[in-house]
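Chemist:
Protein chains in written order, with my numbering: chain A, 26 to 252; chain B, -15 to 286.
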């Protein structure tokens, strides 16, 4: 489903973010990307969603060759994925309900369908009573649950989460990871970038470890080991 | 297509309403720019009137020899009226000239008596000619000096007044040219101020634009609502600037009349209210929509 083929990202001679990175992600897999800050996790995510282009190598996502996508093709491509960020990235002028609905609206779904699906997803993430609140009226954990609801509502093939628990306390972290596991159990591929040792170890799923832009370990049921 | 379009309009209105202070600041700047624009329209009218009032004071008179018949003078009048340079020709017959002369000097008994003692009317028939533009008098005079006309003509006032006519013509041209240059310059500045305001407003929304792009919003869905917001701001600016301009023009109009007699700025404003509003609307909406459209472009990459 996702295929990185000898991907390098070099900003300049002093700054190499990724070097010759290759890996595959199969459908329905739950893969964690880990490594120290600056190891290249976020660069992998940026390249995967087409926010940046690799210097060398090819990136495939389903039928798309992501590194060759033009700006105008990106919106349609991104509707196949759901993305969750550490800083939530919710639209501040939209309510929780509207933020989630927006993911369906961009793909031109009917209003009736939106009115049916959004309450279901809000219920799934436990935020039915917060539907009309704006992001600045929600706690960090609630905001991240809205972001997850937005990422999953259009039933994407894969959910990509970049340090989704970085700004959360242990309880909220646990809840967010449980949600991601649940989404994965329902059949969605999950790629999780995190440097949270406890999260990685509790998952007991595949772990790809990056260090200074290279893949140093790729293990089924991996653990958080940096050296 | 219809769903996306209706969503673009819906987002545009909702975002405008929710952006509160930022939208208010944008509209305020656009009101100022629209007021400048309305001021420029009125300035154009005032400078046209000033130029016309100067121009109206310029004319030349052709005096015909006393032995020229009225028919011959009227033939010359007719031929002059057929010239494209000529705006109007007024015929003053010998009798009329005498009447005017008498009326002008009725207090002066010596002149009145002298005229009465003469058995013949010593005054000449004349044509009072106004050209469309001051620089056209030379061509008209040249026409009058043609061999078939020159024998009837005694004198032309142009040669005496040429320097004054040329100077006044120069003033008229400078007023018009200066007015146009000032209008273009101030219009450009007003446009740039609005453009920059909207650019800053959109710059402050750059993160939101990025979020929309990551969620998979098409360029039209990101850009469309911002253009709608620009249009809403433009419409509000046009309406409010007209509401503000009306009393200002009402109070300034009598002051301007002191400088240029017969100048009715408020009357002009009132009778052209719909047209002025339409121009302001086109200016404000155009600049609002264009600025939004252009300013968002750089954020639509990646």
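Just so it is clear, CB atoms sit at the ideal spot from N, CA and C, and this is done for glycine as well.
If we cut at 8 Å on Cβ distances, does residue 130 of chain A have a partner in chain B?
Modeler: Against the first chain, residue 130 of chain A aligns to sequence position 105. Taking Cβ atoms only, chain B reaches closer than 8 Å to residue 130 of chain A, which makes this a yes.
Chemist: Going along the chain, which residues of its own chain have a beta-carbon closer than 6 Å to the beta-carbon of residue 216 of chain B, five neighbours each way excluded?
Modeler: Numbered from 1 along the second chain, position 232 holds the residue referred to as residue 216 of chain B. Result list for residue 216 of chain B: 0, in chain order.
Chemist: In or out: residue -3 of chain B buried (at least 16 other Cβ within 10 Å) or exposed?
Modeler: Taking the second chain and counting its residues from 1, the one referred to as residue -3 of chain B is at position 13. By the neighbour-count rule (16 or more Cβ atoms within 10 Å), residue -3 of chain B is not buried but exposed.
Chemist: In angstroms with no decimal places, state the Cα-to-Cα distance between residue 263 of chain B and residue 157 of chain B.
Modeler: In the second chain, counting from the first residue as 1, residue 263 of chain B sits at position 279. In the second chain, counting from the first residue as 1, residue 157 of chain B sits at position 173. Their Cα atoms are separated by approximately 25 Å.
Chemist: So residue 54 of chain B and residue 109 of chain B are in contact, right, with Cβ under 8 Å, and what is the actual spacing, rounded?
Modeler: One-based indexing of the second chain puts residue 54 of chain B at position 70. One-based indexing of the second chain puts residue 109 of chain B at position 125. Rounded, the Cβ-Cβ distance is 7 Å, consistent with contact.
Chemist: Name, going along the chain, the residues of the stretch 58 to 79 of chain B whose beta-carbon falls closer than 8 Å to a beta-carbon of chain A.
Modeler: Answer in chain order: no residues at all.
Chemist: Helix, strand or coil: which one does DSSP assign to residue 43 of chain A?
Modeler: By one-based count along the first chain, residue 43 of chain A stands at place 18. Strand.
Chemist: Could you tell me which uninterrupted alpha helix (DSSP H) segments, each at least 4 residues in length, are contained entirely in the stretch 9 to 77 of chain B, listed from first to last along the chain?
Modeler: 54 to 65, all fully within the stretch 9 to 77 of chain B.
Chemist: For the beta strand (DSSP E) that residue 244 of chain A lies in, which residues bound it at each end?
Modeler: For this step, residue 244 of chain A is matched to residue 219 along the first chain. First-last of the beta strand (DSSP E) with residue 244 of chain A: 239 to 244.
Chemist: Taking just the CA atoms, how far does residue 174 of chain B sit from residue 225 of chain B?
Modeler: Here residue 225 of chain B corresponds to residue number 241 of the second chain, with the count starting at 1. Here residue 174 of chain B corresponds to residue number 190 of the second chain, with the count starting at 1. In a straight line, the C-alpha of residue 225 of chain B is about 14 Å away from that of residue 174 of chain B.
Chemist: With three or more C-beta pairs closer than 8 Å as the rule, is the stretch 38 to 47 of chain A touching the stretch 55 to 62 of chain A?
Modeler: The answer is no - the stretch 38 to 47 of chain A does not touch the stretch 55 to 62 of chain A, with fewer than three Cβ pairs under 8 Å.
Chemist: Residues in the same chain with beta-carbon distance under 6 Å from residue 207 of chain B, minus the five sequence neighbours each way, listed in chain order, please.
Modeler: Against the second chain, residue 207 of chain B aligns to sequence position 223. These residues qualify, in order along the chain: 280.
Chemist: Below 8 Å, can you find three or more Cβ-Cβ pairs linking the stretch 126 to 143 of chain A to the stretch 219 to 227 of chain A?
Modeler: Short answer: they don't touch.
Chemist: Considering residue 81 of chain A, what are the terminal residues of the beta strand (DSSP E) in which it resides?
Modeler: For the purposes of this step, residue 81 of chain A is taken as residue 56 along the first chain, with counting starting at 1. Segment 81 to 86, the beta strand (DSSP E) holding residue 81 of chain A.
Chemist: Kindly identify the DSSP beta-bridge partner or partners of residue 127 of chain A.
Modeler: Position 102 of the first chain, counted from the start, is the residue given in the question as residue 127 of chain A. DSSP output for residue 127 of chain A lists no bridge partner at all.
Chemist: Which partner residues does residue 186 of chain A have in the DSSP bridge list?
Modeler: As a working note, residue 186 of chain A is residue 161 in the first chain. Its beta-bridge partners are A:109, A:217.
Chemist: Please give me, in chain order, every unbroken run of the beta strand (DSSP E) with length at least 3 that falls completely inside the stretch 105 to 165 of chain B.
Modeler: Listed in chain order, they are 110 to 115, 137 to 140.
Chemist: Give the list of continuous alpha helix (DSSP H) stretches no shorter than 4 residues that lie fully inside the stretch 177 to 217 of chain B.
Modeler: Listed in chain order, they are 190 to 199.
Chemist: Shorter than 8 Å from the beta carbon of residue 59 of chain A to some beta carbon of chain B?
Modeler: On the first chain, residue 59 of chain A is found 34 positions in, with the first residue counted as 1. Not closer than 8 Å to any Cβ of chain B, the Cβ of residue 59 of chain A fails to qualify, so no.
Chemist: Looking at the unbroken alpha helix (DSSP H) that takes in residue 205 of chain A, where does it start and where does it end?
Modeler: Reading the first chain from its first residue, position 180 is the one you call residue 205 of chain A. Taken as a continuous stretch (DSSP letters only), the alpha helix (DSSP H) holding residue 205 of chain A covers 195 to 210.
Chemist: Measuring only between beta-carbons, confirm whether residue 185 of chain B sits less than 8 Å from chain A.
Modeler: Counted from its first residue, the second chain places residue 185 of chain B at position 201. For residue 185 of chain B, the answer is no, since every Cβ of chain A falls outside 8 Å of its Cβ.
Chemist: Does any residue of chain B have a CB that is nearer than 8 Å to the CB of residue 98 of chain A?
Modeler: Translated into positions along the first chain, residue 98 of chain A becomes position 73. Chain B contact via Cβ: absent.
Chemist: Exposed or buried, what is residue 188 of chain A when buried is set at 16 or more other beta-carbons lying within 10 Å of its beta-carbon?
Modeler: Position 163 of the first chain, counted from the start, is the residue given in the question as residue 188 of chain A. So residue 188 of chain A counts as buried.
Chemist: Quick check on the burial criterion: 16 or more other C-beta atoms within 10 angstroms. Buried or exposed for residue 103 of chain A?
Modeler: Looking up residue 103 of chain A in the first chain gives position 78. Buried.
Chemist: Report buried or exposed for residue 68 of chain A, applying the criterion of at least 16 other Cβ atoms within 10 angstroms of its Cβ.
Modeler: Mapped onto the first chain, residue 68 of chain A falls at position 43. Buried is the call here.
Chemist: Classify residue 43 of chain B as buried or exposed, calling it buried when 16 or more other Cβ atoms lie within 10 Å of its own Cβ.
Modeler: The sequence position of residue 43 of chain B within the second chain is 59, counting from 1. When all chains shown are included, residue 43 of chain B counts as buried.
Chemist: Alpha helix (DSSP H) containing residue 147 of chain A: first to last residue?
Modeler: Residue mapping note: residue 147 of chain A aligns to position 122 of the first chain, counting from 1. Start and end: 136 to 149.
Chemist: Going by DSSP in three states, residue 158 of chain A sits in which element: helix, strand or coil?
Modeler: The residue given as residue 158 of chain A occupies position 133 in the first chain. Correct three-state label for residue 158 of chain A: coil.
Chemist: Would you kindly work out how many angstroms separate the C-alpha atoms of residue 237 of chain A and residue 250 of chain A, rounded to a whole number?
Modeler: If you number the first chain from 1, residue 237 of chain A lands on position 212. If you number the first chain from 1, residue 250 of chain A lands on position 225. Distance between the alpha carbons of residue 237 of chain A and residue 250 of chain A is about 14 Å.
Chemist: Drop a sphere of 10 angstroms on the beta-carbon of residue 87 of chain B, count the other beta-carbons inside from all chains shown, and report buried for 16 or more, exposed for fewer.
Modeler: The residue labelled residue 87 of chain B in the question sits at position 103 within the second chain. Residue 87 of chain B comes out exposed.
Chemist: Please classify residue 213 of chain B as buried or exposed, where buried requires at least 16 neighbouring CB atoms within 10 angstroms.
Modeler: Position 229 of the second chain, counted from the start, is the residue given in the question as residue 213 of chain B. With 16 or more Cβ atoms within 10 Å of its Cβ, residue 213 of chain B is classed as buried.
Chemist: Tell me the rounded alpha-carbon separation between residue 51 of chain A and residue 233 of chain A.
Modeler: Start at 1 with the first residue of the first chain, and residue 51 of chain A comes out as number 26. Start at 1 with the first residue of the first chain, and residue 233 of chain A comes out as number 208. Distance between the alpha carbons of residue 51 of chain A and residue 233 of chain A: 14 Å.
Chemist: Let me check one thing: in DSSP terms, what residues is residue 30 of chain A bridge-paired to?
Modeler: Taking the first residue of the first chain as 1, we reach residue 30 of chain A at position 5. DSSP, once it has assigned bridges, lists A:83 as partnering residue 30 of chain A.
Chemist: Considering Cα atoms alone, identify which of B:271, B:38, B:277 is closest to residue 243 of chain B.
Modeler: Numbered from its first residue, the second chain carries residue 243 of chain B at position 259. Nearest option by C-alpha distance: B:38.
Chemist: For the alpha helix (DSSP H) containing residue 266 of chain B, list its first residue and its last residue.
Modeler: Translated into positions along the second chain, residue 266 of chain B becomes position 282. That run of the alpha helix (DSSP H) goes 257 to 279.
Chemist: Taking C-beta pairs closer than 8 Å, name the residues in chain B that residue 261 of chain A reaches, listed in chain order.
Modeler: Not covered by the structure: residue 261 of chain A. The range shown for chain A is 26 to 252.
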